[in-house]
Amino acid sequence: MGLIRRSIRFIAEYFVFFVGLLFIFVIGGVYAFLRPEGLVINLIFLIIALGWIIFLIKYFWDIMDKGRDKKVRN
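Numbering (the working numbering), first residue to last: 42 to 115.
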């Protein structure tokens with residue numbers, strides 16, 4: 042039971058990470074396809090991309106901290 046739970050948790054954690062990366066590339070593709078020319082629109086796309094990058098870094102950092110805490114406790 043523990044192995045199944047760890048496997049599902051591992052898949053779920055990295056699924057969020059990879060879907061986030063995919064989202065960033067999709068936003069980049071939409072941006073390239075639309076070719077927006079306004080400063081406001083460019084800033085909106087930049088804020089969305091930077092926000093997702095920061096979220097993914099923080100999310101991945103939390104995953105690594107959880108793994109490190111488990112190793113220290115054992």
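Glycine included, C-beta positions come from ideal geometry on N, C-alpha and C. Just so it is clear, the structure is predicted and the values come from calculations on it, not from any experiment.
Query: First and last residue of the alpha helix (DSSP H) that includes Gly69?; Result: 43-75
Query: Round the Cβ separation of Trp93 and Phe64 to the nearest angstrom and send it over; I've been treating them as touching at under 8 Å.; Result: 6 Å
Query: Do Tyr72 and Phe86 have their C-beta atoms closer together than 7 Å?; Result: yes
Query: I need the DSSP call for Gly79, collapsed to helix, strand or coil.; Result: coil
Query: Can you give the beta carbon distance from Leu91 to Leu62, rounded, assuming they're within the 8 Å contact cut?; Result: So it is not a contact: roughly 14 Å between Cβ atoms.
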